[in-house]
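The sequence shown begins at 253 in my numbering and counts up one residue at a time. Ideal Cβ positions, reconstructed from N, Cα and C, are used throughout, including at glycine. Beneath this line is the structure, given in structure tokens, with notes to follow.
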Amino acid sequence: MEFVEQDLGHLLTVQSYQNGALEVAGQVYDYPIILGDEIIRLPENSVADLTAESFQAALNAGVALIIIGTGATQAFLSPKVLAELAQRGVGVECMNTAAACRTLAMVQGEGRRVWAWLWV
Numbered sequence: 253m254e255f256v257e258q259d260l261g262h263l264l265t266v267q268s269y270q271n272g273a274l275e276v277a278g279q280v281y282d283y284p285i286i287l288g289d290e291i292i293r294l295p296e297n298s299v300a301d302l303t304a305e306s307f308q309a310a311l312n313a314g315v316a317l318i319i320i321g322t323g324a325t326q327a328f329l330s331p332k333v334l335a336e337l338a339q340r341g342v343g344v345e346c347m348n349t350a351a352a353c354r355t356l357a358m359v360q361g362e363g364r365r366v367w368a369w370l371w372v
């Protein structure tokens with residue numbers, strides 16, 4: 253088996269996560285962020301506040317998958333929002349933030365177009 257090293261230097265990746273803080277590109281964030289083509293402070297206070305419009309920038313960027321890290325405990329998007337995103341052909345996965353960071357790294361490594369909403 254041959255292994256090929258991938259250069260993910262052009263992607264924003266989570267370097268570390270501990271309850272209360274994320275490190276991305278050498279910067280520590282102690283507030284929720286959207287991690288996409290750039291880092292955006294999340295205006296919503298919780299997953300329950302997310303609407304289909306909350307994901308418009310990701311949809312405009314052509315993402316195939318949205319990962320939502322919900323903090324220390326798992327929470328879910330409303331079925332209505334999930335249905336609206338599914339209609340637009342976008343997959344959504346909700347999990348605690350530690351799992352979301354691991355999943356994000358794996359999916360980015362596969363070269364897939366993914367954005368993440370991460371609560372700390």
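Neighbour-count burial assignment, Val372, 16 or more Cβ in a 10 Å radius: In summary, Val372 is buried, with 16 or more beta-carbon neighbours lying within 10 Å of its beta-carbon over all protein chains present.
Does DSSP classify Ala327 as helix, strand or coil? Ala327 falls in the coil class under three-state DSSP.
In the DSSP assignment, find the unbroken beta strand (DSSP E) run with Arg364 in it and report its ends. For Arg364, there is no enclosing beta strand (DSSP E), since its DSSP letter is neither H nor E.
My assumption, with CB atoms under 8 Å, is that Ile319 sits in contact with Ala368. Please give the rounded CB distance. Contact annotation, Ile319 with Ala368: C-beta distance approximately 4 Å; criterion of less than 8 Å satisfied.
Sort Cys353, Arg354, Val359, Ala350 by Cα distance to Gly343 and report the nearest one. Ranked by Cα distance from Gly343, the options Cys353, Arg354, Val359, Ala350 are led by Val359.
For Arg293, does the three-state DSSP call read helix, strand or coil? In this structure, Arg293 counts as strand in the three-state DSSP scheme.
Secondary structure at Thr322, three-state DSSP: helix, strand or coil? Strand, per DSSP.
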